[in-house]
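A.B. asks:
Residue numbers (the working numbering), protein chains in the order written: chain A, 5 to 281; chain B, 5 to 281; chain C, 5 to 281; chain D, 5 to 281.
Next comes the structure, spelled out in structure tokens:
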């Protein structure tokens with residue numbers, strides 16, 4: 005462990021925690037740098053901007069890589085368990101923020117590095133992880149975790165629906181109306197079932213339009229299912245700070261966190277045990 | 005009935021149940037084969053793939069038909085009531101997995117058999133029907149069953165809306181703007197009301213755009229109806245029912261979930277226990 | 005009033021009620037005729053069908069007008085209060101089913117009569133008004149009535165949003181990108197906010213696309229509002245058969261319909277009054 | 005303060021309040037004038053209308069400016085604290101209703117003034133702020149305020165999603181399929197995730213269509229999140245809070261809504277009354 009009040013210890017508070025003014029200021033600075041680096045990535049992708057300011061953008065990118073590199077080394081240095089940090093989710097994200105800059109030394113035209121540079125945005129969540137937001141995000145995560153199985157059942161049903169409808173449309177409409185293969189039909193079915201409706205592929209035959217109508221009404225109706233699942237779980241998660249121990253007499257199983265007696269039957273939740281011996 | 009520990013009995017456990025390691029392995033193998041057969045169907049529908057690998061795909065299709073055929077015969081053989089199995093929902097689905105392969109012996113260019121081959125996907129639900137998923141799917145089904153009547157009322161109202169709006173648009177916009185008939189107008193109304201919005205037919209006249217705005221806002225608002233119905237039912241299904249404990253004095257046996265006293269005779273449902281000692 | 009067991013009385017039971025086999029059969033026949041007349045209207049609007057079968061469709065339309073006319077006269081005849089029936093909602097709908105056929109005697113090419121002919125579909129609701137559906141439709145109507153004021157607040161907010169966003173886009177994008185006037189901009193804002201997205205008018209300038217993104221995320225988020233309103237009201241409406249009298253001691257105000265004592269505190273809901281004198 | 009029954013006092017009641025017939029009539033007249041001025045702004049933006057009636061529209065706009073100007077001066081005059089009114093939200097909105105008319109004296113072709121003229125619509129909310137609507141709007145605002153933090157977490161997640169997906173599509177599809185820059189990709193991702201689906205930019209490559217399908221299914225599923233958040237909060241806002249009655253023995257004062265016994269000391273919250281007589 006780290007000796008208290010050491011330099012590393014003080015650094016750890018600033019870099020990893022946010023309940024001190026210094027820690028909060030560090031996080032805010034980092035947030036601004038992350039957002040700035042994202043803006044640079046985006047502007048650099050605009051053709052006209054790139055032609056004019058390519059040099060400036062490359063310079064800024066080098067600067068950001070440097071800053072993130074120093075930050076990564078600091079985190080490694082002041083972390084009590086550097087290896088555990090390095091392989092944690094945020095450790096990997098922090099590393100990914102440095103990698104693209106380094107890789108461009110070797111590959112000059114690495115299009116796919118762009119995505120890694122955008123992944124930096126995930127680091128915002130580290131900063132969001134503070135104060136009141138943490139609790140709210142936990143509610144959302146608890147609701148999502150609680151509804152995981154129902155959502156898997158739902159997604160398998162939706163996948164089956166779009167596969168069957170996609171194949172059906174491929175047979176009914178055929179390649180001459182844009183449904184050139186079953187995967188294309190499935191893509192169309194997803195576009196339609198989710199009510200996105202790009203309009204790049206549309207049914208032309210009367211039978212195809214009847215099937216489309218079915219798909220649309222299905223999609224419009226079953227959107228209720230994930231909503232219902234999630235709402236019910238979230239309501240449970242928000243009520244969920246209660247004491248879950250059942251009353252020994254009436255079996256009521258959700259009590260106030262501080263309860264000593266059941267509020268339905270008045271019997272003690274934790275009867276006093278006879279003294280030993 | 006089948007004699008325990010016989011060969012058929014052991015086969016039945018492997019093929020139909022999934023609480024043994026062998027049964028689970030059998031189901032997983034089947035799942036992979038089903039997915040593989042689906043992938044083959046899809047790739048085969050892609051023009052360029054079909055031209056190059058038609059022979060391979062036909063061979064694989066024959067293999068899958070063989071495997072599913074053997075599986076079907078095994079299920080028939082080890083089922084305690086073969087006829088009841090054969091006419092059950094899954095029995096028919098299992099048979100349908102074999103039919104298309106056999107039919108291609110007689111019809112060489114059977115486009116519509118494609119759909120039957122895709123229907124194999126429904127067999128995934130047999131495998132999903134295990135462990136924790138079963139309970140979750142039951143919640144969903146209970147909620148859907150509970151809201152069936154409300155949903156029928158809702159669907160009839162939606163059908164009436166799209167018919168009247170479709171006819172209105174046919175009269176207002178006319179064939180020169182793509183609304184060539186009332187069924188086409190209804191198709192447009194469904195596309196619009198469900199917020200899919202392909203854009204293949206769009207209103208051009210000011211009056212048509214006003215009516216469209218009405219349809220869109222209606223569609224946007226009434227999406228609340230199925231969601232509300234389903235959420236309310238799902239919450240009921242998950243919360244369970246009334247307290248079933250009978251009153252110790254008057255024996256009334258269904259109470260409000262939170263009741264502490266009988267609402268008929270006023271006596272406590274859970275008399276307070278004498279203190280220990 | 006009508007003398008029991010008279011001919012008119014028996015006709016009234018068949019025509020207006022549906023708890024006898026004869027009444028149910030009458031309703032089912034009517035349902036089929038209404039649907040058939042709708043199918044004829046739709047097919048007649050298809051150009052190729054009209055050219056070939058115009059005579060047949062006109063004949064059928066005459067037949068339907070005759071049937072609905074006889075039915076209307078029967079209803080008038082056997083109704084205990086014919087005038088009140090004639091001016092009731094369903095009385096007007098029943099009359100509208102006859103009118104278009106008669107009017108075509110005078111106007112040969114009455115396009116707008118088409119809509120009146122489609123309005124016949126509303127008559128299906130008369131037939132739906134039976135058994136279990138009635139109660140469910142009442143739940144839905146109660147929930148809609150209960151949320152009326154919240155929905156008006158919501159619709160005024162949405163109208164303000166689309167007007168301001170529509171004017172903004174008219175100024176930002178201008179007539180050269182399809183936003184030819186403020187009403188057109190409002191039409192676009194409705195198409196976008198409701199997530200329909202036809203794609204007939206789309207933003208082309210960067211600023212326009214930023215504003216569009218705002219509109220879309222707003223629309224995607226506030227769809228939660230009507231859903232939330234309706235779900236909360238529907239849950240209340242479904243719980244709503246309870247006794248609403250508050251307990252005189254603890255003021256709990258929702259009890260089982262049969263309750264005599266409060267299920268929270270055990271005190272009588274209706275204390276016995278001292279005898280008079 | 006203002007002397008009661010003075011002329012200013014009586015004017016204040018008419019102009020600012022709406023519980024007298026005169027006040028209500030004043031508000032209704034104002035509502036009609038606001039709507040009329042909006043209609044004029046809209047019609048004036050239609051090219052053909054503008055060409056023919058430009059003079060009439062300018063005259064009406066002058067009239068409306070005059071009316072709103074007089075109204076603004078009246079409000080300033082009869083307000084007990086004129087400065088506080090002038091800097092309140094509605095004070096600024098009221099002033100904005102007059103400004104565009106005055107500014108056109110100096111700028112003849114001020115396109116952007118159009119938006120200020122449309123902002124007048126916000127004044128409708130002042131008039132809506134009456135009677136039963138106030139309470140309903142408060143429920144909605146309470147639910148929105150209660151879910152603010154959850155919604156921020158949600159919006160940050162959505163922003164991250166659209167940024168990463170937008171960059172991914174820019175790399176996968178490239179400028180030749182319309183994804184000319186990362187911001188354009190983000191615009192597309194928002195159009196798709198919110199299920200709007202204009203169809204002005206659509207994926208053409210198979211990989212792009214697979215990613216699109218992911219985006220669409222994500223968007224379709226996470227629409228459940230804001231709905232769930234809002235519904236849960238609205239239900240809480242409408243159900244009200246815990247039972248506030250203090251326990252007669254230990255004085256604990258916040259209990260579960262259905263509590264019959266104190267959960268700290270086990271004594272009944274509502275002791276049973278002695279029977280009458």
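Ideal Cβ positions, reconstructed from N, Cα and C, are used throughout, including at glycine. Quick caveat: nothing in here was measured; it's all calculated off a predicted structure.
Pull up the CB-CB distance for residue 200 of chain C and residue 196 of chain B, whole angstroms please, since I reckon it's below 8 Å.
C.D. replies: 6 Å
A.B. asks: Say whether chain B places a C-beta atom closer than 7 Å to the C-beta of residue 186 of chain C.
C.D. replies: no
A.B. asks: Give me the residue from D:192, D:225, D:228 with the minimum Cα distance to residue 213 of chain D.
C.D. replies: Nearest neighbour of residue 213 of chain D by Cα position, chosen from D:192, D:225, D:228, turns out to be D:192.
A.B. asks: Does the beta-carbon of residue 245 of chain B have 16 or more other beta-carbons within 10 angstroms, so that it is buried, or is it exposed?
C.D. replies: Only weak support is given to the placement of residue 245 of chain B: the predicted model assigns it a pLDDT of 47, under 50, and the value that follows is read from those uncertain coordinates. Classification for residue 245 of chain B: exposed.
A.B. asks: In whole angstroms, what is the alpha-carbon distance linking residue 227 of chain A and residue 162 of chain A?
C.D. replies: 11 Å
A.B. asks: Can you pull out the residues from the region 32 to 55 of chain A whose beta carbon lies closer than 8 Å to at least one beta carbon of chain B?
C.D. replies: none
A.B. asks: By how many angstroms is the C-alpha of residue 12 of chain B removed from the C-alpha of residue 81 of chain B?
C.D. replies: 8 Å
A.B. asks: Could you give the distance in angstroms between the alpha-carbon of residue 6 of chain B and the alpha-carbon of residue 79 of chain B?
C.D. replies: Residue placement at residue 6 of chain B is poorly supported in this model, since its pLDDT is 45, which falls under 50; the coordinates are not used for a value here.
A.B. asks: Distance check for residue 83 of chain C and residue 190 of chain B, CA to CA, integer angstroms please.
C.D. replies: Going from the Cα of residue 190 of chain B to the Cα of residue 83 of chain C covers about 36 Å.
A.B. asks: Chain D partners of residue 201 of chain A, CB-CB under 7 Å?
C.D. replies: 201
A.B. asks: What residue range does the alpha helix (DSSP H) around residue 102 of chain A cover?
C.D. replies: Taken as a continuous stretch (DSSP letters only), residue 102 of chain A belongs to no alpha helix (DSSP H), as it is neither H nor E.
A.B. asks: Indicate whether at least one CB of chain D lies closer than 7 Å to the CB of residue 264 of chain B.
C.D. replies: yes
A.B. asks: Compare the beta carbon distance of residue 204 of chain C and residue 206 of chain B with 7 Å and say whether it is the shorter of the two.
C.D. replies: yes
A.B. asks: So which residues on chain C does residue 198 of chain A lean against when the C-beta distance must stay under 8 Å?
C.D. replies: Those do not exist, as residue 198 of chain A stays about 10 Å from chain C at its closest Cβ, beyond 8 Å.
A.B. asks: Determine the closest residue to residue 144 of chain B out of B:234, B:129, B:42, with distance taken between C-alpha atoms.
C.D. replies: B:234
A.B. asks: Pick out whichever of D:51, D:54, D:123 has its Cα sitting closest to the Cα of residue 38 of chain D.
C.D. replies: D:123
A.B. asks: Run through the DSSP bridge pairs and tell me what residue 1 of chain B is partnered with.
C.D. replies: Because chain B in this structure spans residues 5 to 281, residue 1 of chain B falls outside the shown range and cannot be described.
A.B. asks: May I ask you to report which of helix, strand or coil DSSP gives residue 225 of chain A?
C.D. replies: helix
A.B. asks: Could you check where the alpha helix (DSSP H) with residue 75 of chain B kicks off and where it finishes?
C.D. replies: 51 to 82
A.B. asks: What three-state label does DSSP hand residue 202 of chain B in the structure shown?
C.D. replies: coil
A.B. asks: In terms of residue numbering, what span does the alpha helix (DSSP H) encompassing residue 121 of chain C cover?
C.D. replies: 117 to 123
A.B. asks: Answer yes or no: do residue 41 of chain C and residue 68 of chain C have a C-beta to C-beta separation smaller than 7 Å?
C.D. replies: yes
A.B. asks: Would you decide whether residue 270 of chain C is buried or exposed? Buried here means 16 or more other CB atoms lie within 10 Å of its CB.
C.D. replies: buried
A.B. asks: Hey, how far is the Cα of residue 73 of chain A from the Cα of residue 15 of chain A?
C.D. replies: 16 Å
A.B. asks: Extract the residue ranges of the alpha helix (DSSP H) inside the region 140 to 184 of chain C, only unbroken runs of 4 or more that lie entirely within it.
C.D. replies: Qualifying alpha helix (DSSP H) stretches, in chain order: 152 to 177.
A.B. asks: Less than 7 Å between the C-beta atoms of residue 94 of chain C and residue 152 of chain C, yes or no?
C.D. replies: no
A.B. asks: Straight-line CA distance for residue 156 of chain A to residue 126 of chain B?
C.D. replies: 15 Å
A.B. asks: Between the region 44 to 53 of chain C and the region 182 to 189 of chain B, do at least 3 Cβ pairs fall closer than 8 Å?
C.D. replies: Yes, since at least three Cβ pairs between the region 44 to 53 of chain C and the region 182 to 189 of chain B fall closer than 8 Å, the two stretches touch.
A.B. asks: Would you kindly work out how many angstroms separate the C-alpha atoms of residue 281 of chain D and residue 273 of chain B, rounded to a whole number?
C.D. replies: Any reading at residue 281 of chain D must be qualified, since the residue scores a pLDDT of 39, below 50, and its modelled position is unreliable; no value is offered.
A.B. asks: In the DSSP assignment, the alpha helix (DSSP H) including residue 88 of chain D goes from what residue to what residue?
C.D. replies: 86 to 90
A.B. asks: State yes or no: is the beta carbon of residue 215 of chain A nearer than 7 Å to at least one beta carbon in chain D?
C.D. replies: no
A.B. asks: From residue 99 of chain B to residue 76 of chain B, what does the alpha carbon distance come to, in whole angstroms?
C.D. replies: When the Cα atoms are used, residue 99 of chain B and residue 76 of chain B turn out to be separated by approximately 7 Å.
A.B. asks: Determine the direct distance from the alpha carbon of residue 21 of chain A to that of residue 10 of chain A, and round the result to whole angstroms.
C.D. replies: Distance between the alpha carbons of residue 10 of chain A and residue 21 of chain A is about 16 Å.
A.B. asks: Note down the Cα distance separating residue 24 of chain D from residue 31 of chain D, rounded to an integer number of angstroms.
C.D. replies: 11 Å
A.B. asks: Is the beta carbon of residue 268 of chain C less than 7 Å from the beta carbon of residue 150 of chain D?
C.D. replies: Going by C-beta atoms, residue 268 of chain C is not nearer than 7 Å to residue 150 of chain D.
A.B. asks: Alpha carbon to alpha carbon, what distance is there between residue 173 of chain D and residue 44 of chain A?
C.D. replies: In a straight line, the C-alpha of residue 44 of chain A is about 18 Å away from that of residue 173 of chain D.
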